[in-house]
Amino acid sequence: MTPSLYAYCTPSLVRALKNLSAVLKKGEAFAEAKKIEQSVLLNDRLAPDMFALTRQVQIACDVSKGAVARLSGGENPSFPDGETSFAELYARIERTIAFLHSVPETAFAGGETRTITLPTPFGTMEWVGIDYLNTFVLPNVYFHSAMAYAILRNNGVEIGKQDFLAGGAA
Numbered sequence: 001m002t003p004s005l006y007a008y009c010t011p012s013l014v015r016a017l018k019n020l021s022a023v024l025k026k027g028e029a030f031a032e033a034k035k036i037e038q039s040v041l042l043n044d045r046l047a048p049d050m051f052a053l054t055r056q057v058q059i060a061c062d063v064s065k066g067a068v069a070r071l072s073g074g075e076n077p078s079f080p081d082g083e084t085s086f087a088e089l090y091a092r093i094e095r096t097i098a099f100l101h102s103v104p105e106t107a108f109a110g111g112e113t114r115t116i117t118l119p120t121p122f123g124t125m126e127w128v129g130i131d132y133l134n135t136f137v138l139p140n141v142y143f144h145s146a147m148a149y150a151i152l153r154n155n156g157v158e159i160g161k162q163d164f165l166a167g168g169a170a
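Counting with our numbering, you get residues 1 to 170 for the letters of the sequence shown.
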């Protein structure tokens, strides 16, 4: 039996977001221990033309909830981008995970072949559902999660590959 689109989508996204939250918690603990203002880490970026840590988390959440909404044919909830603390980023991640869990597996029926049209900064893109998940959603969620990890690691937070891969898996 071939796994459903839901099986490829929701558990992967939930795991990535839980791991991202776990990495952020290590960043927050590091800031507290070193007496660094949270805003220093939250506003840091790896290069001048890259997004800051907060925006990396927002995008990982937005791509995740957008994917589940589009692939299930549902509504994509809007989350304002106003987070200014680790606590607010955890709350956003939790809201995103709650939304992902709220969409039943049956809602994904036919999503593999559903046409997904998405405006992007590079123009309107169109995929068939499974290609949208594999070539846009998963790479983007992992990219922005990895950039959040890299920003924290670059600031001296003691995290490693295992934190990125399984930090929130339990």
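Glycine is no exception: its CB is placed at the ideal position from the N, C-alpha and C atoms. For clarity, every value in this text was computed on a predicted model and none was experimentally measured.
Query                                                                                                                                                              : Result
Go ahead and label F122 buried or exposed: buried means 16 or more other beta carbons lie within 10 angstroms of its beta carbon, across all protein chains shown. : exposed
Within 8 Å: the Cβ of I159 and any heavy atom of the ligand MG?                                                                                                    : Looking at this structure, you won't find the ligand MG or any other ligand, since it has none at all.
Rounded to the nearest angstrom, what separates Q56 and H144 at their Cα positions?                                                                                : 5 Å
What did DSSP end up calling G73 once you bin it into helix, strand or coil?                                                                                       : coil
CB-CB under 8 Å to A33, same chain, minus the five flanking residues each way: which ones, in chain order?                                                         : none
Per DSSP, which residues does P119 bridge with? Please list them.                                                                                                  : T124
Strictly under 9 Å for the Cβ-Cβ distance: is N134 near chain D by that measure?                                                                                   : No chain D is present in this structure, which holds just one protein chain.
Measuring CA to CA, which of T117, L46 and S12 is closest to M147?                                                                                                 : L46
What residue range does the alpha helix (DSSP H) around D44 cover?                                                                                                 : Looking at the DSSP string, D44 is not in any alpha helix (DSSP H), and its letter there is neither H nor E.
With C-beta atoms as the reference, is A107 less than 9 Å away from G73?                                                                                           : yes
Contact check, A16 vs Y142 under 8 Å by CB: the rounded distance?                                                                                                  : 6 Å
So, G137 versus A67, is the Cβ gap smaller than 9 Å?                                                                                                               : The sequence given here has Val at residue 137, not Gly. Cβ atoms of V137 and A67: closer than 9 Å.
Within the stretch 84-162, note down every full alpha helix (DSSP H) run reaching 4 residues or more, in order along the chain.                                    : 86-102, 129-132 and 138-154
What do you get for N19, buried or exposed, if any count of 16 or more other CB atoms within 10 angstroms of its CB means buried?                                  : buried
Once DSSP output is grouped into helix, strand and coil, what is the label at P3?                                                                                  : coil
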